[in-house]
Amino acid sequence: PVKRILINDMNANAARKALDGLRDNREFYGLYQKALARSLGDQLYGFNMTRACTLAGRAKGVKSVLSVGRVQTPILGLIVNRYLANKSHASAFYYTVAASLAVGGSRPQARLVVAADAPIDDKHRIIDEAYATQVADACRQKPANVIEARVEEKQTPAPLPFALLDLQVYMSKTHSIDAEKTLALTQALREKYKAITYNRSDCSYLTDEQFGEAPQTLSLL
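Just so you know, the sequence shown maps onto residues 2 to 222 in the working numbering.
So this is what it looks like as structure tokens:
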């Protein structure tokens, strides 16, 4: 009989646990059928639509093959639409009115809540510089009255660990380290020093098993 091992975690302990829980492959026959159906559907769709679009293009003078695919074509459409939107974007000027207040020993920052009858755009932003200047001048060095105050308790969760793409963006912006070098560094941290979890994952969440290994990981840092 064929057994299947399900590993969705590159952590060694999780892999050992998965090895202890081998499952009969017949349980997953439906997954095989789904994958086969997608493969055949993609093939038939791609073959036929590529030929149809290529022939239609030839009739209009297009010499190249117009490739069509279930996934590639919608993604291409998203890219093209975004490009066209960016190309047709028109700069728009708007103004905000902000103030630094003196309240006791603190200096809270305040921002004007724009009135509905003010000269605003469809995003409720002031578009008249003279109006914004007039409001600012009227408020400058004037006393402010606190009409209502609310105190709320809020919880701010700890930031999630980096996924590879997020880390590459951060390292590029803050330390001018390119994506390839960041990948190499994380690879060394995982393989050589055992200091981080699987570095090529696009998921920022850690499993309970990985949380249990936190003391061991911290001792390596």
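Each residue gets a CB set at the ideal place from its N, CA and C atoms; glycine is no exception.
In this structure, what does DSSP give as the bridge partners for residue i?
{"i": "Gln142", "result": "DSSP output for Gln142 lists no bridge partner at all."}
{"i": "Ala100", "result": "Ala111"}
{"i": "Ile127", "result": "Tyr96 and Ile121"}
{"i": "Asp25", "result": "Lys4"}
Which residue from the options puts its Cα closest to that of residue i?
{"i": "Lys4", "options": "Thr51, Tyr95, Asn87 and Leu20", "result": "Leu20"}
{"i": "Ser89", "options": "Tyr96, Val81 and Tyr95", "result": "Val81"}
{"i": "Asp43", "options": "Gln73, Arg59, Val66 and Ser92", "result": "Gln73"}
{"i": "Pro162", "options": "Leu113, Pro120 and Ala215", "result": "Ala215"}
Are residue i and residue j touching if we call contact CB-CB under 8 angstroms?
{"i": "Ile128", "j": "Val115", "result": "no"}
{"i": "Asp203", "j": "Leu168", "result": "no"}
{"i": "Glu210", "j": "Ala15", "result": "yes"}
{"i": "Leu23", "j": "Ile6", "result": "yes"}
{"i": "Ala93", "j": "Asp122", "result": "yes"}
{"i": "Ala145", "j": "Leu102", "result": "yes"}
{"i": "Met231", "j": "Val66", "result": "No answer is possible for residue 231: it lies beyond the span of the chain, which begins at 2 and ends at 222."}
For the alpha helix (DSSP H) that contains residue i, what are its first and last residues?
{"i": "Ala180", "result": "Ala180 to Glu192"}
{"i": "Asn9", "result": "Element bounds for Asn9: n/a, residue is neither H nor E."}
{"i": "Ile76", "result": "Gln73 to Lys88"}
{"i": "Asn14", "result": "Ala13 to Leu20"}
{"i": "Cys54", "result": "Tyr30 to Ala60"}
Use the C-beta contact count for residue i: other C-beta atoms within 10 angstroms, 16 or more gives buried, fewer gives exposed.
{"i": "Asn200", "result": "buried"}
{"i": "Thr175", "result": "exposed"}
{"i": "Thr97", "result": "exposed"}
{"i": "Ala57", "result": "exposed"}
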